[in-house]
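Participant:
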Amino acid sequence: MTSKSCDVYQLALEMSRHGALDVREKEEAEQHSATCAECQRALALSAELDQALGCVSIPAPRHAEVSRALAKDRFWLKYGPWVALGSFVGQGVFLGPLFAPEAPLRLWAIVSAVGVLFAGGLALTLRGLQRRAVEAASVGVDAWMAQRRARIGTELKDLATLLWLFPAMSAVMVGSAFLMRDKGLLGVVTLLFAAAVNLGMTVYLARTRRPRLLRERAELEVAP
């Protein structure tokens, strides 16, 4: 699910030539190119272009920034769907006895199935984001910066939705806990814990994630 394409390896080798790639990623890209005819042709063309232009490899902070962003995309593509799936499966374990004590396994299976669908959709979404970032970076740093600005704009719109959705979900959970207080302490505690998690996510998104995205967008807009 997380295999890399030749475009990713070629971009990694290009960044390596600018001194903007860590040793592990460089070794991985070199091992791939040693057995890949397409990547070898791309490297040969890059070498010919450098020779024709008299290019000298120099450290490039922007290339390092691109490398870090693409590495983060790979991390979330690798682990994000599994985290989402585990979350749904875990919720099913608690929700089954709480809302369907007569058939807890059935509710757990339903919630887990929804988790599989959600994780699959998330994997496709993350793969698409990674592909567009790689394609833009393959064109050049300026193209990647434009793509990154557009992506941040979309994420900020999504955050605006989550910043009211999470508190609303917390309010519903607290209300449900109040209405179900006579059905046992475990259910009340579970719902209140879930409400607290949602509120914690709201605080994180509002005080950490959103300011970080706004700062990054501002830096990209004034970048040379």
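Numbering (the numbering used here) for the sequence shown: 4 to 227.
All residues carry an ideal CB built from backbone N, CA and C; glycine is no exception.
In the structure shown, what three-state DSSP assignment does Pro84 receive?
Facilitator: helix
Participant: Counting contacts by CB-CB distance shorter than 8 Å, is Thr157 in contact with chain C?
Facilitator: Reference to chain C is not applicable here, since this structure consists of a single protein chain.
Participant: How big is the Cα-Cα spacing for Ala72 and Phe78?
Facilitator: Ala72 and Phe78: Cα-Cα distance of roughly 10 Å.
Participant: Within a Cβ cutoff of 7 Å, which residues of the same chain sit near His35, ignoring the five residues on either side of it in sequence?
Facilitator: Tyr12 and Cys42
Participant: Is Ala103 helix, strand or coil when you go by DSSP?
Facilitator: When DSSP states are grouped into helix, strand and coil, Ala103 belongs to the coil group.
Participant: Put Gly37 into one of helix, strand or coil per three-state DSSP.
Facilitator: Checking the displayed sequence, the identity of residue 37 turns out to be Ala instead of Gly. Ala37 falls in the coil class under three-state DSSP.
Participant: Could you give the distance in angstroms between the alpha-carbon of Leu132 and the alpha-carbon of Leu159?
Facilitator: Going by the C-alpha atoms only, they are around 15 Å apart.
Participant: Give me the Cβ distance between Gly178 and Leu101, rounded to the nearest whole Å; I'm assuming they're in contact under 8 Å.
Facilitator: Not a contact, Cβ separation roughly 15 Å.
Participant: Report yes if the CB atom of Ala171 is closer than 8 Å to the CB atom of Leu194, and no otherwise.
Facilitator: no
Participant: Work out the CA separation of Gly83 and Ala126 for me, nearest whole Å.
Facilitator: 8 Å
Participant: Have a look at Ser115 and Leu162 and give me their C-alpha separation to the nearest angstrom.
Facilitator: 26 Å
Participant: Could you tell me the alpha carbon to alpha carbon distance between Val137 and Cys9, rounded to whole angstroms?
Facilitator: Cys9 has its alpha-carbon roughly 11 Å from the corresponding atom of Val137.
Participant: In the structure shown, what three-state DSSP assignment does Ser8 receive?
Facilitator: coil
Participant: Measure the C-alpha to C-alpha separation of Leu223 and Lys81 and round it to an integer number of angstroms.
Facilitator: 27 Å
Participant: Cutting at 6 Å between CB atoms, please list the residues of its own chain near Gly99, excluding the five before and the five after it.
Facilitator: Pro107, Leu110 and Trp111
Participant: Among the candidates Glu219, Ala32, Val175 and Glu28, whose CA atom is the shortest distance from the CA of Arg151?
Facilitator: Glu219
Participant: Taking the alpha helix (DSSP H) that Arg210 falls in, what are its first and last residues?
Facilitator: Looking at the DSSP string, Arg210 is not in any alpha helix (DSSP H), and its letter there is neither H nor E.
Participant: Please work out which residues of its chain come closer than 8 Å, Cβ to Cβ, to Leu217, disregarding the five sequence neighbours upstream and downstream, and give them in chain order.
Facilitator: Leu159, listed in sequence order.
Participant: Going by the CB atoms, is the gap between Gly118 and Ala87 shorter than 8 Å?
Facilitator: yes
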